[in-house]
Amino acid sequence: MRTVYNFNAGPAMLPPPVLEQVQSELRDYQGRGMSIM
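So the sequence shown is numbered by numbering that gives the first Met the number 0: it starts at 0 and just counts up by one.
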């Protein structure tokens, strides 16, 4: 994944470790077998 920097006002980019954690927990939140969607 390419790193994109946002210098505009508004929401900032999330750090890569946060994106990786969200991606892994999207379908199985904290190992509970439940999706957060």
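For glycine and all other residues, C-beta sits at the position ideal for the given N, C-alpha and C.
Check: Specify the secondary structure class of residue 23 as computed by DSSP and reduced to three states.; Outcome: helix
Check: Rounded to whole angstroms, what is the Cα-Cα separation between residue 11 and residue 22?; Outcome: 18 Å
Check: Check residue 28 in the structure and name its three-state DSSP category.; Outcome: helix
Check: Who are the near neighbours of residue 5 in its chain, counting only those whose CB is closer than 7 Å to its CB and skipping five residues on each side?; Outcome: 11, 12
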